[in-house]
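Q:
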Amino acid sequence: MIALKEVSKFYPPTARGAKPVLAVDHVSAEIEEGEFVCIVGPSGCGKTTVLNMVAGFESVSQGEILVGGKLVSKPGPERAVVFQQPSLLPWMTVFDNIGFGLTLQEGRKTRQRDKVAQMIETMGLGGFEGHFPYQLSGGMQQRAAIARALITEPEILLMDEPFGALDAQTRADMQKFLLAVWERLRPTVLFITHDVEESIVLADRVIVMTPRPGRIAETIDIGLGRPRNWDMILSPEFLRYKKEVLTILRPPRDASQNAG
Amino acid sequence: MGYSYMASDEIEAESAESALEQNVWKADKKAYRGYVPWLVAAVMIGLWWGVTALHLFPPTSLPSPGSVVHDFIVVATVGYSGEPLLTSTLYSLGRIATGFIAAVAVGVPIGFWMASTEWVFLAIDPLLQFLRPIPPLAYIPVMIVWFGIGETSKVVLIFFCTIPIIIISAMSGVKSVQETRVRVAQCLGANKRQLFRYVIFPSALPEIFTGMRVGIGIAWTCLVAAEMIAASKGLGWMIESAGNELQIGVVFVGIVMIGLLGYGMELIIRSVEHRVTPWKGKA
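Those sequence lines, one after another, are chains P and F.
Heads up, the first sequence is in the numbering used here, so the first residue is 1 and it goes up one at a time.
Heads up, the second sequence is in the numbering used here, so the first residue is 1001 and it goes up one at a time.
1) Assuming residue 161 of chain P contacts residue 175 of chain P under a Cβ cut-off of 8 angstroms, what Cβ separation, rounded to an integer in Å, is found between them?
2) By Cβ distance, which residues of its chain are closer than 6 angstroms to residue 1163 of chain F, with the 5 residues on each side in sequence left out?
3) Would you grab the beta carbon distance between residue 149 of chain P and residue 36 of chain P for me? Rounded to a whole angstrom, and I think it's under 8 angstroms.
4) Could you have a look at residue 32 of chain P and say whether DSSP puts it in helix, strand or coil?
5) For residue 292 of chain P, would you say it is in contact with chain F, using Cβ-to-Cβ distances shorter than 8 angstroms as the test?
6) Excluding the 5 residues flanking residue 18 of chain P on each side, which residues of the same chain have their C-beta closer than 8 angstroms to its C-beta?
7) Following the continuous alpha helix (DSSP H) through residue 82 of chain P, name the residue where it begins and the one where it ends.
8) At 7 angstroms on the CB atoms, spell out the chain P contacts of residue 1174 of chain F, in chain order.
9) Ignore the nearest five residues each way along the sequence and tell me which others in residue 75 of chain P's own chain have a CB closer than 7 angstroms to its CB.
10) Between residue 81 of chain P and the rest of its own chain, which residues show a CB-CB distance below 6 angstroms, the 5 nearest in sequence each way excluded?
11) May I have the straight-line CA-CA distance separating residue 1033 of chain F from residue 1040 of chain F, to the nearest angstrom?
12) Since residue 207 of chain P contacts residue 45 of chain P with CB under 8 angstroms, what's their CB separation in whole angstroms?
13) Could you check whether residue 130 of chain P and residue 103 of chain P sit closer than 8 angstroms to each other, using their CB atoms as the reference points?
14) Would you say residue 1148 of chain F lies against chain P (beta-carbon separation less than 8 angstroms)?
15) On the premise that residue 1100 of chain F lies in contact with residue 1215 of chain F, defined as a C-beta separation below 8 angstroms, what is that separation, rounded to the nearest angstrom?
16) For residue 1271 of chain F, verify whether its CB is less than 7 angstroms away from any heavy atom of the ligand SAM.
17) From this set, F:1281, F:1254 and F:1259, which residue's C-alpha is nearest residue 1071 of chain F's C-alpha?
18) Is residue 81 of chain P close to chain F? Criterion is C-beta to C-beta, closer than 8 angstroms.
19) Measure from the C-beta of residue 48 of chain P to each C-beta in chain F and report whether the shortest distance is under 8 angstroms.
20) Look at the alpha carbon of residue 2 of chain P and the alpha carbon of residue 132 of chain P, and state the distance between them as a whole number of angstroms.
21) Counting only Cβ-Cβ distances shorter than 7 angstroms, please list the residues of the segment 1186–1197 of chain F near chain P, keeping chain order.
22) Residue 1239 of chain F: buried (16+ other C-beta within 10 angstroms of its C-beta) or exposed?
23) Beta carbons nearer than 9 angstroms to chain P: which residues of the segment 1199–1217 of chain F have them?
24) Hey, quick one: how far does the alpha helix (DSSP H) through residue 1152 of chain F stretch, first residue to last?
25) If you draw a straight line from the alpha carbon of residue 101 of chain P to that of residue 109 of chain P, how long is it in whole angstroms?
26) Kindly say whether residue 1184 of chain F, judged by its beta-carbon, lies nearer than 8 angstroms to any beta-carbon of chain P.
27) Which residues in the same chain as residue 9 of chain P place their Cβ atom closer than 6 angstroms to its Cβ, once the five residues preceding and following it in sequence are excluded?
28) For residue 188 of chain P, does the count of other Cβ atoms within 10 angstroms reach 16, so buried, or fall short, so exposed?
29) Put residue 61 of chain P into one of helix, strand or coil per three-state DSSP.
30) Using 8 angstroms as the threshold, is the C-beta distance between residue 228 of chain P and residue 179 of chain P below it?
31) Could you list which residues in chain P have their beta carbon closer than 8 angstroms to that of residue 1181 of chain F, in chain order?
32) Mind reading off the beta-carbon distance from residue 1156 of chain F to residue 1143 of chain F? Whole number of angstroms is fine, and I expect it under 8 angstroms.
33) Pull up the CB-CB distance for residue 1245 of chain F and residue 1237 of chain F, whole angstroms please, since I reckon it's below 8 angstroms.
34) Please check if any C-beta of chain F sits within less than 8 angstroms of the C-beta of residue 117 of chain P.
35) Have a look at residue 1203 of chain F and residue 1274 of chain F and give me their C-alpha separation to the nearest angstrom.
36) Can a CB atom of chain P be found closer than 8 angstroms to the CB of residue 1049 of chain F?
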């Protein structure tokens, strides 16, 4: 379980005499074990900062983050991260990249070759084990990056706009693919995106954030049932959720004028 | 038709195909790569021949290609001042290789250390920047006083002239490591040693190779200076000595030899680089 308690993040002022920049403002949330939660918000709303703090890449300025009851202070193998860019290591083959987590655990090149081979099959990368990342398409690279994150069977999967750099068709395929994997392995997923449809397609719960400083505007439970059927993106319920999220993200004109 | 999320086999096959297509496309080499370098060499030699055939310069300042080839044969068989060309070449190669390999062996760890520990950087950087602009000729008296007139002083001179660029390239190689790659290793549970071995060291390799390529060039430019230290063998010594005797043909033989050997070493480092860091420029 992931628990964020009144978490804030300040960045040092950019100019002399300026005030510190408040990026994340008192964010509180609880994510249950095996739950799939999306954080959606406009760019610059601090959603990636939230993920980086949960991952342990960035420190928390105020409040605290607990994972499995323990305070997060640094990155750890129980919290695997998938980044927006595949970030495969270019000097390793696809096989070695996917087995990297096991190699680090064992302290030498992994002996669990069967496990890696099976993961390669699951991810539809069969025949590409010996290729280097630059020889793969963007979608295949991102699948390899997801495989690398899953190989050590982490309890938590943190995903930072992992499909943001892909074309629409590949992105839809990857969403289906991720859900299929999630149904099988059931990790806790915290998924960051700016794509409203993507968040509704994937999540049990969508957390909507406001622009800077990032606050939680609303949390919406998505009652679309599992496993999800691709047809539902045209259903009235789906459109209702989409409208609900969009209304929070882009308030009606007069409301925004009042706020400004 | 309600199609579920599971059926993604077709898409996978498709993306696999497009990746293979890319490789086929890359394999299509351009034909002119084979002959452009030779063409340039032929034009240069042709111009050289033309200028000397028209007697635009006196042969004592610009010998013709034919007379340089003649001098080459004489130096290669009879030798210059009793030293055959091969001996001189091997001596020079030995000095350069020793000084350069020592510079890499010492410089790379120092660069890594400077990049990872701030006080080491603060301690060594001023020294490095102070030594860098000093021309090799200025070192000669110091080298003679400290290391005598044997091989040591010549090798140490080459070592000192090449080590700054090696240190700087190793240091900047470590600093250029992508933050996300470090994070990938950290969140998979890498310790410091593993982080260095699997992420930082390979990330730094391309810049280290660039530093080595620049370094080997600097090493050759130091050769003449190094062999001004009481040498009686070596290409640098041959050039210096023949120049003093106005044997301009022998000077040209020495210049061409240094150029060709430097080029050869560059090609060797380039092919090692290509083998060790095939991803360079692609990721």
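No residue lacks a Cβ here, since even glycine has one placed at the ideal position from N, Cα and C.
A: In short, the structure shows the following:
1) About 13 angstroms separates the beta carbons of residue 161 of chain P and residue 175 of chain P, which is beyond the 8 angstroms limit, so they are not a contact pair.
2) Contacts found: 1103 and 1107.
3) Not a contact, Cβ separation roughly 15 angstroms.
4) The three-state reading of DSSP puts residue 32 of chain P in coil, since its state is none of H, G, I, E or B.
5) No statement about residue 292 of chain P is possible, as the shown extent of chain P runs from 1 to 260 and does not include it.
6) Once the five neighbours on either side are set aside, residue 18 of chain P has no close Cβ partner at all.
7) In this chain, residue 82 of chain P is not harboured by any alpha helix (DSSP H); it is covered by the beta strand (DSSP E) spanning 79–82.
8) Result: empty, since nearest Cβ-Cβ is about 15 angstroms, beyond 7 angstroms.
9) Contacts found: 55, 56 and 57.
10) The answer, listed in chain order, is 55 and 158.
11) Roughly 12 angstroms between the two C-alpha positions.
12) About 11 angstroms separates the two Cβ atoms, so there is no contact after all.
13) It is not a contact, given that the beta carbons lie outside the stated cut-off.
14) By this cut-off, residue 1148 of chain F is not an interface position.
15) Confirmed, Cβ separation roughly 6 angstroms.
16) Ligands are entirely absent from the displayed structure, and the ligand SAM is therefore not among its contents.
17) Ranking the options by Cα distance to residue 1071 of chain F, first place goes to F:1254.
18) Yes - at least one Cβ of chain F is within 8 angstroms of the one on residue 81 of chain P.
19) Residue 48 of chain P does not count as touching chain F.
20) Their Cα atoms are separated by approximately 35 angstroms.
21) Taking 7 angstroms as the Cβ-Cβ cut-off against chain P, the residues of the segment 1186–1197 of chain F that qualify are 1186, 1187, 1188, 1189, 1190 and 1194.
22) It is buried - the Cβ of residue 1239 of chain F has at least 16 other Cβ atoms within 10 Å.
23) Going along the segment 1199–1217 of chain F in chain order, one finds 1199, 1202, 1203 and 1205 with a Cβ nearer than 9 angstroms to chain P.
24) 1151–1175 is the span of the alpha helix (DSSP H), which, as asked, contains residue 1152 of chain F.
25) Separation of residue 101 of chain P and residue 109 of chain P (C-alpha to C-alpha, rounded to the nearest whole angstrom) is 10 angstroms.
26) With 8 angstroms as the cut-off, residue 1184 of chain F counts as an interface residue toward chain P.
27) If we look at residue 9 of chain P and ignore the five residues flanking it on each side, its Cβ neighbours are 23, 24, 49 and 61.
28) Burial call: buried.
29) In the structure shown, residue 61 of chain P sits in coil (DSSP, three-state: anything other than H, G, I, E or B).
30) Taking 8 angstroms as the Cβ cut-off, residue 228 of chain P and residue 179 of chain P qualify as a contacting pair.
31) The contacting residues are 87 and 89.
32) Correct: roughly 6 angstroms between the Cβ atoms.
33) Wrong, their Cβ atoms sit about 12 angstroms apart, outside the cutoff.
34) No, its Cβ sits nowhere closer than 8 angstroms to a Cβ of chain F.
35) Each residue's Cα considered, the two are about 14 angstroms apart.
36) No, its Cβ sits nowhere closer than 8 angstroms to a Cβ of chain P.
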